[in-house]
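Notes follow the structure.
Number of protein chains: 2
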Amino acid sequence: MAGLDLRKLGELGLIEVLRRRARGARGVWRLGIGDDAAVLRPRPGYDLALTTDTLVEGVHFRWETTDAPSLGHKTLAVNLSDLGAMGARPLGFLLDLCLPVDASPAALAGAVRGLLSEAQIARCPLIGGDTSSGPIWVLSVTALGELPQGSALRRDGARPGERLLVTGTLGGAALGLALLERGQSTVAGARPFVRRQLRPRPPYQAGARLLRSGSATAAIDISDGLTSDLAQLLAASGMGADVQLERLPLARGMRSLCERLGLDAEKLALHGGEDYELLFCLSPNAPSAAVLARLLRCRVTELGVIRAGRGARYLRDGQTIAISPQGFDHFKPVSVSSEK
Amino acid sequence: MAGLDLRKLGELGLIEVLRRRARGARGVWRLGIGDDAAVLRPRPGYDLALTTDTLVEGVHFRWETTDAPSLGHKTLAVNLSDLGAMGARPLGFLLDLCLPVDASPAALAGAVRGLLSEAQIARCPLIGGDTSSGPIWVLSVTALGELPQGSALRRDGARPGERLLVTGTLGGAALGLALLERGQSTVAGARPFVRRQLRPRPPYQAGARLLRSGSATAAIDISDGLTSDLAQLLAASGMGADVQLERLPLARGMRSLCERLGLDAEKLALHGGEDYELLFCLSPNAPSAAVLARLLRCRVTELGVIRAGRGARYLRDGQTIAISPQGFDHFKPVSVSSEK
Numbered sequence: 006m007a008g009l010d011l012r013k014l015g016e017l018g019l020i021e022v023l024r025r026r027a028r029g030a031r032g033v034w035r036l037g038i039g040d041d042a043a044v045l046r047p048r049p050g051y052d053l054a055l056t057t058d059t060l061v062e063g064v065h066f067r068w069e070t071t072d073a074p075s076l077g078h079k080t081l082a083v084n085l086s087d088l089g090a091m092g093a094r095p096l097g098f099l100l101d102l103c104l105p106v107d108a109s110p111a112a113l114a115g116a117v118r119g120l121l122s123e124a125q126i127a128r129c130p131l132i133g134g135d136t137s138s139g140p141i142w143v144l145s146v147t148a149l150g151e152l153p154q155g156s157a158l159r160r161d162g163a164r165p166g167e168r169l170l171v172t173g174t175l176g177g178a179a180l181g182l183a184l185l186e187r188g189q190s191t192v193a194g195a196r197p198f199v200r201r202q203l204r205p206r207p208p209y210q211a212g213a214r215l216l217r218s219g220s221a222t223a224a225i226d227i228s229d230g231l232t233s234d235l236a237q238l239l240a241a242s243g244m245g246a247d248v249q250l251e252r253l254p255l256a257r258g259m260r261s262l263c264e265r266l267g268l269d270a271e272k273l274a275l276h277g278g279e280d281y282e283l284l285f286c287l288s289p290n291a292p293s294a295a296v297l298a299r300l301l302r303c304r305v306t307e308l309g310v311i312r313a314g315r316g317a318r319y320l321r322d323g324q325t326i327a328i329s330p331q332g333f334d335h336f337k338p339v340s341v342s343s344e345k
Numbered sequence: 006m007a008g009l010d011l012r013k014l015g016e017l018g019l020i021e022v023l024r025r026r027a028r029g030a031r032g033v034w035r036l037g038i039g040d041d042a043a044v045l046r047p048r049p050g051y052d053l054a055l056t057t058d059t060l061v062e063g064v065h066f067r068w069e070t071t072d073a074p075s076l077g078h079k080t081l082a083v084n085l086s087d088l089g090a091m092g093a094r095p096l097g098f099l100l101d102l103c104l105p106v107d108a109s110p111a112a113l114a115g116a117v118r119g120l121l122s123e124a125q126i127a128r129c130p131l132i133g134g135d136t137s138s139g140p141i142w143v144l145s146v147t148a149l150g151e152l153p154q155g156s157a158l159r160r161d162g163a164r165p166g167e168r169l170l171v172t173g174t175l176g177g178a179a180l181g182l183a184l185l186e187r188g189q190s191t192v193a194g195a196r197p198f199v200r201r202q203l204r205p206r207p208p209y210q211a212g213a214r215l216l217r218s219g220s221a222t223a224a225i226d227i228s229d230g231l232t233s234d235l236a237q238l239l240a241a242s243g244m245g246a247d248v249q250l251e252r253l254p255l256a257r258g259m260r261s262l263c264e265r266l267g268l269d270a271e272k273l274a275l276h277g278g279e280d281y282e283l284l285f286c287l288s289p290n291a292p293s294a295a296v297l298a299r300l301l302r303c304r305v306t307e308l309g310v311i312r313a314g315r316g317a318r319y320l321r322d323g324q325t326i327a328i329s330p331q332g333f334d335h336f337k338p339v340s341v342s343s344e345k
């Protein structure tokens with residue numbers, strides 16, 4: 006793909022490129038890019054899920070530590086993660102692109118390529134959007150998904166005695182970010198973590214499978230970090246939880262790499278954001294984690310149990326360890342929970 | 006409403022303020038702000054329209070010439086305009102807010118007030134979104150509407166012999182912008198034009214009424230300017246049009262104010278953007294403009310006719326006047342059509 010030079014293309018030219026390269030929106034879509042709005046014919050018996058997430062240059066990404074195709078990929082992936090956390094199957098997305106007039110043609114072409122290739126893999130076509138000039142890159146995606154009526158995996162459904170589980174592994178994306186920011190992204194063993202940071206692969210299909218299994222009572226995706234997102238789920242449900250620290254699922258090689266570099270693997274797994282794994286609750290008599298892993302087609306770990314009360318208690322060898330929710334807050338330098 | 010200080014509120018605090026102030030999303034909404042995604046139960050027999058529009062500080066607005074409540078109002082209004090141009094009734098919207106950490110608490114409170122009061126008037130509740138820090142303000146709205154299945158007012162339906170009409174008056178918003186930028190916003194007679202620029206009131210309900218009338222074959226909203234948006238409608242339909250220049254609907258007082266200030270009223274009406282009026286086509290035997298005005302509850306003017314061919318021909322007293330489509334292009338300094 007040649008570069009995309011905005012000053013030659015102009016706004017209409019850019020839209021035309023996007024329209025041509027976006028694979029035809031069919032199925033539920035009656036009208037895609039090119040009119041005042043896209044038009045969708047919902048399938049009878051289905052609800053729609055809508056979510057939006059923005060990546061801002063200098064805040065969510067820096068060109069020193071990312072590449073354009075990864076940026077495009079991630080812009081959609083973080084939204085697919087939110088759909089998956091509702092149990093929804095992706096249907097399509099709208100894109101708001103704010104770009105400097107002198108945006109690198111190669112970077113723009115790369116970002117479009119990364120975005121649309123992820124869209125194709127997820128069968129989630131680009132169906133509309135808006136383009137604008139601006140001093141920095143800002144990429145906003147609004148994604149739509151569908152799920153059987155009344156079955157959305159909400160945050161507020163957890164009840165005492167239920168099991169708390171998580172897909173995949175935790176902390177890898179935060180380790181990748183640390184490696185990138187320390188200029189250590191090429192040390193031995195770094196690669197999978199750097200990739201995890203730059204090109205997250207949220208298990209959004211596992212979310213839809215979990216919904217179909219009928220055994221989940223609540224779910225959230227881990228975008229801000231386990232402690233922070235668990236706190237959100239518990240607050241929405243009005244519940245507490247006991248979490249076994251020894252069960253935290255770390256990726257292979259993470260602990261040893263962290264030791265070599267003087268990083269705390271457990272802290273990254275607890276508080277590091279951008280894992281985009283699925284945290285969910287199951288009724289006590291639901292399938293075992295092993296059976297569920299086969300059903301969801303991904304690793305599943307049982308972290309603990311929901312109990313009456315408020316907030317999470319973290320335990321190691323039966324002892325309570327003092328751990329407060331920490332997560333990234335855009336407007337506060339310190340942790341979310343450190344102030345009233 | 007007190008100011009909203011981001012450094013005190015934090016991200017979760019801001020979201021909580023928005024959630025509390027957004028009037029309950031009911032009706033089709035099963036789940037609003039506060040989960041991984043909003044959930045909608047579509048009504049049987051209806052299609053959904055989805056559109057998105059972004060306002061970027063320094064590009065779409067400057068603090069020197071706008072106030073925060075107007076900015077909030079306009080952020081939603083421009084999206085309502087797109088829904089109206091499809092004939093859709095608004096259902097709700099998502100908001101992506103990128104804000105400087107040191108955003109003025111008064112400005113943020115004002116923008117939220119302006120946005121949510123427009124949302125209440127339009128019965129188009131805030132149902133989700135995303136917040137982020139950033140060097141400038143960027144406000145993106147994705148709005149949803151519904152319309153009877155298969156009846157969307159598309160751009161590509163115009164056919165030879167059909168009549169071309171427009172709601173309201175043209176050029177007023179561009180005059181308002183000129184007045185603001187020249188520091189003449191307080192001269193006698195300026196007020197309605199300044200207000201029109203800052204607080205557009207798109208006739209989105211007229212769009213839904215037009216759809217119900219069953220007489221329209223194509224529609225587009227005038228956001229970039231009549232010549233530019235008409236060119237888009239004609240290109241989508243593969244048609245030409247004859248437009249009578251003497252029929253251009255100008256607001257009362259516009260011509261005299263323009264003369265006093267040395268501005269060209271006709272050029273503003275032809276090329277000035279942000280009118281957010283509805284440009285549409287009617288089958289020849291559809292109701293007269295007068296009847297239609299009563300039906301749509303707004304001024305309606307017949308501008309000309311659709312003909313076979315390509316692009317618009319502008320006529321005065323039977324003579325063709327050379328006028329090329331001009332509209333704002335974010336990435337090109339000159340007009341859209343001046344280059345191939």
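Chains as they are written, first to last, in my numbering: chain L, 6 to 345; chain D, 6 to 345. C-beta: ideal position from N, C-alpha, C; glycine also.
For a contact meaning CB atoms closer than 7 Å, what does F66(L) contact in chain D? Per Cβ cutoff of 7 Å: no residues; F66(L) is ~12 Å from chain D at best.
Since K79(L) contacts R204(L) with CB under 8 Å, what's their CB separation in whole angstroms? In this structure K79(L) touches R204(L) by the C-beta definition: roughly 7 Å separates them, less than 8 Å.
Please say whether H276(L) and E16(D) have beta carbons closer to each other than 7 Å? In this structure, H276(L) does not lie closer than 7 Å to E16(D) by Cβ.
CB G92(L) to CB L216(L), shorter than 7 Å? Cβ atoms of G92(L) and L216(L): closer than 7 Å.
When the distance is taken between beta carbons, is L169(D) closer than 7 Å to L308(D)? The criterion of a C-beta distance shorter than 7 Å is satisfied by L308(D) and L169(D).
Nearest chain D C-beta to G139(L) closer than 7 Å, yes or no? Yes, G139(L) counts as interfacial toward chain D.
Short check: CB of E208(L) to CB of A82(L), under 7 Å? Here residue 208(L) is Pro; the residue named in the question, Glu, does not match the sequence. Here P208(L) is not near A82(L), since their CB atoms are 7 Å or more apart.
Check A221(L) in the structure and name its three-state DSSP category. Looking at A221(L) - three-state DSSP - the assignment turns out to be strand.
Cβ separation of R128(L) and P95(L), assumed to be a contact under 8 Å, to the nearest whole Å: Sure, about 7 Å apart at Cβ, within 8 Å.
Check whether the segment 174-189 of chain L touches the segment 262-272 of chain L, counting contact only when three or more Cβ pairs, one atom from each stretch, lie closer than 8 Å. Verdict: yes, contact present.
Note down the Cα distance separating S426(L) from D135(D), rounded to an integer number of angstroms. Since the first residue of chain L shown is 6 and the last is 345, residue 426(L) is not available in this structure.
If you count every other CB in all the chains shown that lies within 10 Å of the CB of T191(L), and 16 or more means buried, which is it? Exposed.
Could you work out which residue in E62(L), E271(L), L120(L) is closest to G84(L) when comparing CA atoms only? Looking at the sequence shown, residue 84(L) is not Gly but Asn. Measuring from the Cα of N84(L), the nearest candidate turns out to be L120(L).
Keeping to the same chain, check which residues put their C-beta closer than 7 Å to that of Q237(L); ignore five residues upstream and five downstream. Same-chain partners within the cutoff: R160, I225.
Any chance you could list the alpha helix (DSSP H) runs of at least 4 consecutive residues sitting entirely within the segment 71-129 of chain L, in chain order? Inside the segment 71-129 of chain L, DSSP marks whole alpha helix (DSSP H) runs of 4 or more residues at positions 73-91, 110-126, from first to last along the chain.
Beta-carbon proximity of I227(D) to D269(D), cut-off 7 Å: No, Cβ-Cβ distance for I227(D) and D269(D) is not below 7 Å.
Express the C-alpha separation of A42(D) and S145(D) in angstroms, rounding to a whole number. About 17 Å.
Less than 6 Å separating the Cβ of R304(L) from some heavy atom of the ligand GTP? The ligand content of the structure shown is nil, which means the ligand GTP is not present either.
On the CB-based measure, 16 or more other CB atoms within 10 Å of its CB, does V341(D) come out buried or exposed? Summary for V341(D): the model assigns pLDDT 34, below 50, so the residue's position carries little reliability; its value from the coordinates is reported in the next sentence. Buried.
Which residues of the segment 264-292 of chain L have a Cβ closer than 9 Å to any Cβ of chain D? Give them in chain order. Flagged: no residues at all.
Is any beta-carbon of chain D found at less than 7 Å from that of S156(L)? No, S156(L) lies away from the interface with chain D (no Cβ there is under 7 Å from its Cβ).
Same chain, Cβ closer than 6 Å to E344(L), neighbours up to 5 away in sequence not counted: Annotation note: pLDDT 33 at E344(L) (below 50); position unreliable, coordinate value reported separately. None.
On a CA-only basis, which of A111(D), I126(D), A90(D), R196(D) is nearest S156(D)? Give me that one, please. Answer by Cα proximity: A90(D).
Can you tell me whether DSSP reads C286(L) as helix, strand or coil? If DSSP states are grouped into helix, strand and coil, C286(L) belongs with the strands.
What are the residues of the segment 231-261 of chain L that lie near chain D, defined by any Cβ-Cβ distance shorter than 9 Å? The residues in question are Q237, A241.
Since I38(L) meets chain D, which of its residues come closer than 8 Å, beta carbon to beta carbon? Within 8 Å Cβ-Cβ: nothing; I38(L) doesn't reach chain D, min ~11 Å.
Expected contact under 8 Å - CB spacing of A111(L) and L88(L) to nearest Å: With a Cβ gap of about 30 Å, A111(L) and L88(L) do not count as contacting.
Could you list which residues in chain L have their beta carbon closer than 9 Å to that of I346(D), in chain order? The question about residue 346(D) has no answer, for chain D in this structure spans 6 to 345.
Is the distance from the Cβ of S3(L) to the Cβ of V199(D) below 7 Å? The structure shown does not extend to residue 3(L), since chain L is modelled only from 6 to 345, so the question has no answer here.
Going by beta carbon distance, what residues of the same chain come within less than 7 Å of Q189(D), once the five residues before and after it are set aside? Cβ neighbours of Q189(D) beyond the five flanking positions: A195, L266.
Within chain D, partners of G133(L) - CB distance below 8 Å: Result: L55, T56, T57.
Which whole-angstrom value describes the C-beta separation of A327(L) and L283(L), a residue pair presumed to lie in contact below a C-beta threshold of 8 Å? Incorrect: roughly 27 Å between the Cβ atoms, too far for contact.
Grouping DSSP H, G and I as helix and E and B as strand, with all else coil, what is A157(D)? It is coil, neither helix nor strand.
Of the residues A124(D), A223(D), G278(D), V248(D), which one's Cα is nearest the Cα of S288(D)? Looking at the Cα atoms, A223(D) is the closest of the given residues.
Skipping 5 residues on each side, what residues in its chain have a beta carbon closer than 7 Å to that of D229(D)? Counting only Cβ-Cβ distances below 7 Å, and skipping sequence neighbours, we find G278, G332, F333.
Check Q249(L) in the structure and name its three-state DSSP category. In the structure shown, the three-state DSSP call for Q249(L) is strand.
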